[in-house]
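To keep things clear, I will list the structure first and then write my remarks on it.
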């Protein structure tokens with residue numbers, strides 16, 4: 020069941036490169052973002068790799084570090100599914116697992132955090148997060 024809304028973060032893509040392997044074409048993307056998570060101002064940096072599927076859908080896996088204003092950190096891993104439009108914008112839905120976190124966020128140790136992530140053709144990013152109970 021979808022639970023509490025946990026936060027919203029906005030930012031931008033900072034780096035992209037195309038990768039090729041036996042599974043086909045992939046796109047590696049890094050981003051920086053800031054916003055609020057669990058009522059605390061945070062910055063978030065991460066990198067994810069997107070597999071471009073033949074049917075137009077995309078599968079992504081990534082890792083990142085979220086840092087609070089006072090320097091405490093949380094690390095996350097995630098995956099999601101999405102699609103790009105003809106203009107180059109993309110929209111993804113998925114989940115994050117927090118591996119380490121500040122003590123005040125301990126409830127995330129056994130919770131999947133669901134997200135909606137969008138990236139515009141201009142590289143602007145938006146993310147919203149919910150707890151899955």
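In the working numbering, the protein residues as written are 20 to 152. Beta carbons are placed, not taken as given, at the ideal position from N, Cα and C, and that holds for glycine. Everything numeric in this text was worked out from a predicted model, so none of it was measured.
Enclosing beta strand (DSSP E) for residue i [first to last residue]
| i | result |
| --- | --- |
| residue 44 | 43-56 |
| residue 70 | 59-71 |
| residue 130 | Residue 130 -> no beta strand (DSSP E), and no H or E assigned at all. |
Alpha-carbon spacing of residue i relative to residue j, whole angstroms
| i | j | result |
| --- | --- | --- |
| residue 82 | residue 65 | 6 Å |
| residue 123 | residue 91 | 10 Å |
| residue 149 | residue 108 | 23 Å |
| residue 39 | residue 67 | 15 Å |
| residue 104 | residue 140 | 9 Å |
Residue environment, residue i, which counts as buried when at least 16 other CB atoms sit within 10 Å
| i | result |
| --- | --- |
| residue 35 | exposed |
| residue 20 | exposed |
| residue 14 | Because residue 14 is not part of the residues shown, which for the chain are 20 to 152, the question remains open. |
| residue 118 | exposed |
| residue 93 | buried |
Review point. Does the pairing of the region 131-149 with the region 104-113 give three or more beta-carbon distances under 8 Å?
Key: yes
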